[in-house]
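Working notes, beginning with the structure itself.
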Amino acid sequence: MKTINRHPARCRRFQPGLLLILLLASFLVHAENSGYWQQVASRINASISEAEAQYAAGDARAARAAVVNAYFSQFEDSKMEAAMRMELGSKHTWQVEKSFGRLRKAIKKGAPKKEVTAIAEEIRTAIGSDAKKLDAAGISAQVFEVNQ
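What the sequence shown shows, in mature numbering (1 follows the signal peptide of the UniProt record, and there is no 0), is residues -31 to -1, 1 to 117, in sequence order.
As structure tokens, then:
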């Protein structure tokens, strides 16, 4: 049975609006499901991706600076490192920390881009996965505030 669309122009006119509404709803659901640690992970991973891009562009100094920023200004300052130690264990956390150092050293020694990309992806995967675990466990960033 064939359906007849009596107002094809009107349907086409509202499709982009409907698509925008669906995309916005999808974003809001994702944002609601992204807890504090996933937001921190997103910032860390953006810095790691920046380091990777800087290295690919030939700027090893900026790439190393982006790794240092990801580690000290984000991973440590956000207390993600402390939260991981508490919830996921010191051995696991040490392995993730070691990956930041391996990435910085690979960039410094001029390693092939493929090696730098592999280490960067290892960090992004670990940080993303660990952030989900921290959020699922309900670990609050305020737990690590001084004088709490």
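Here a beta-carbon is modelled for each residue, glycine too, at the ideal position from N, C-alpha and C.
Item: Length-filtered (4 minimum) alpha helix (DSSP H) runs lying within the segment 24 to 102; Value: 29 to 37, 49 to 57 and 59 to 78
Item: Closest Cα partner of G79 within the set K102, I13 and E21; Value: E21
Item: Cα-Cα separation, F41 to G4; Value: 21 Å
Item: Own chain, CB closer than 7 Å to N14, minus 5 neighbours either side, in chain order; Value: R93, I96 and G97
Item: Chain-order list of residues whose beta-carbon lies under 6 Å from that of A100 (same chain, five-residue window excluded); Value: W6, Q7 and A10
Item: CA-to-CA distance, T62 to M55, given in whole angstroms; Value: 9 Å
Item: Nearest residue (CA-CA) to S47, options E91, A31, R12 and K83; Value: R12
Item: DSSP state of S16 mapped onto helix, strand, coil; Value: helix
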